[in-house]
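Here the structure comes first, spelled out in structure tokens, and everything after it is commentary.
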Amino acid sequence: SDPVETRRGLPGDPGDINSRYIEAAVDGLLIACLYLPNGNPAPGPKFDYKLAWFDRLLKHGKKLLATSHPVVLAGDYNVMPTDLDVYKPERWRKDALFRPEVRDAYARLVKQGWTDALRKMHPDERIYTFWDYFRNAYARDAGLRIDHLLLSPEVAKRLVAAGVDREVRGWEKTSDHAPTWIELKDAKSVTKRKSARS
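This is the structure in structure tokens:
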């Protein structure tokens, strides 16, 4: 069926007119797509905006989980959650994508009950979703994991696979981000199994 838009814009700041958040209902799932601010240079007004935006996302994420609907929070978070998510972490400590305040905000979001799909399926793997156009980053595998698919509990129990189509980044005239994806079990098969156990 066709997606039905359910929300445009992240709640919490009516004056924020940037196009950074949208939700749509698709085949029994609520898909939220976001583009979290970059925040550089940090510290500064852009970093303050990033932290304020993240705070709004934390509040909205909590409300989404409270609905018990199956939700996917997908997008460019502009956050590398751990050292495993960035080549040469020591070079990024002061960057707005890797500062402790941002990593802490991401950790608090996940602790609400969201599952980081890539980390769930690849807990110890150095995996990237972004390679800069400069300094031959893709060829050197000098990447960052900043694109995330966070799953509500109702979706997380259906997770079969998650990955990054990194070869796409090597194509000519392509994005500096590679497609990040998940595969889910059919909701009906999960419900049937649950009924059989009852």
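In this text, residue positions in the sequence shown follow my numbering: the first is -2, and each later residue adds one. Glycine included, C-beta positions come from ideal geometry on N, C-alpha and C. It should be emphasised that the depicted structure is a prediction, and the values quoted were computed from it without experimental measurement.
Please list, in chain order, all residues of the same chain as residue i whose beta carbon is under 7 Å from its beta carbon, the five residues on each side excluded.
i      : result
Arg88  : none
Val206 : Coverage of the chain is limited to positions -2 through 195, which leaves residue 206 absent and any answer about it impossible.
Lys182 : Arg155, Val157
Ser195 : Because Ser195 sits at a pLDDT of 41, beneath the cut-off of 50, its placement in the model cannot be relied upon, and the point is left open.
Gly167 : Tyr135
Leaving out the 5 sequence neighbours to the left and right, which residues in its chain are closer than 8 Å to residue i when beta-carbon positions are compared?
i       : result
Ser(-2) : Val23, Asp24
Thr3    : Glu20, Ala21, Ala22, Leu27
Leu61   : Leu27, Ala29, Val68, Leu70, Ser149
Assuming residue i and residue j make a contact with CB atoms under 8 Å, what is their CB distance in whole Å?
i      : j      : result
Val157 : Glu122 : In fact, because the Cβ distance is near 17 Å, the residues do not count as touching under 8 Å.
Leu27  : Glu20  : 6 Å
Asn37  : Asp92  : 7 Å
Ala49  : Leu146 : That pair is no contact at about 24 Å.
Met118 : Ala184 : About 19 Å separates the two Cβ atoms, so there is no contact after all.
Thr126 : Val152 : Not quite, the Cβ-Cβ distance comes to about 19 Å (not below 8 Å), so this is no contact.
Leu106 : Gly58  : 6 Å
Val83  : Lys47  : Not confirmed; about 17 Å, so no contact.
Asp80  : Asp129 : At roughly 18 Å, the Cβ-Cβ gap does not stay under 8 Å, so Asp80 and Asp129 are not in contact.
Alpha carbons only, please: which of the options is nearest the one belonging to residue i?
i      : options                      : result
Leu94  : Arg142, Phe131, Arg163       : Arg142
Ala63  : Arg100, Lys47, Trp111        : Trp111
Pro34  : Glu20, Arg96, Asp73, Asp82   : Asp73
Pro97  : Ile19, His66, Pro40, Lys117  : Pro40
Lys56  : Ala153, Arg163, Gln109       : Gln109
Arg66  : Leu48, Ala29, Arg105, Thr126 : Here the sequence assigns His to residue 66, which means Arg is not the residue at that position. Per the Cα distances, Ala29.
Asp10  : Asp52, Ala159, Asp173        : Asp52
Gly6   : Trp128, Leu54, Arg100        : Leu54
Pro120 : Arg137, Arg90, Pro78, Leu31  : Pro78
Pro86  : Ala139, Phe44, Trp178        : Ala139
Ile124 : Asp45, Arg90, Arg163         : Arg163
Can you tell me whether residue i is buried or exposed? The criterion is at least 16 other CB atoms within 10 Å of its CB, across all chains shown.
i      : result
Tyr103 : buried
Val1   : exposed
Phe131 : exposed
Ser16  : exposed
Ala193 : Note that Ala193 has pLDDT 42, beneath the 50 cutoff, so the model's placement of it is unreliable and the number below is only indicative. Ala193 should be labelled exposed.
Pro42  : exposed
Asp113 : buried
Could you pull out every residue in the same chain whose Cβ sits closer than 6 Å to the Cβ of residue i, ignoring the five residues on either side in sequence?
i     : result
Asn75 : Leu33, Asn35, Leu94, Ile143
Pro8  : His57
### Task
Please specify which runs of the alpha helix (DSSP H), each continuous and at least 4 residues long, are wholly inside the stretch 117 to 161, giving them in chain order.
134 to 137, 150 to 153
### Task
Please go through the stretch -1 to 63 and give each complete beta strand (DSSP E) segment of 3 or more residues, from N-terminal end onward.
1 to 5, 18 to 23, 26 to 32
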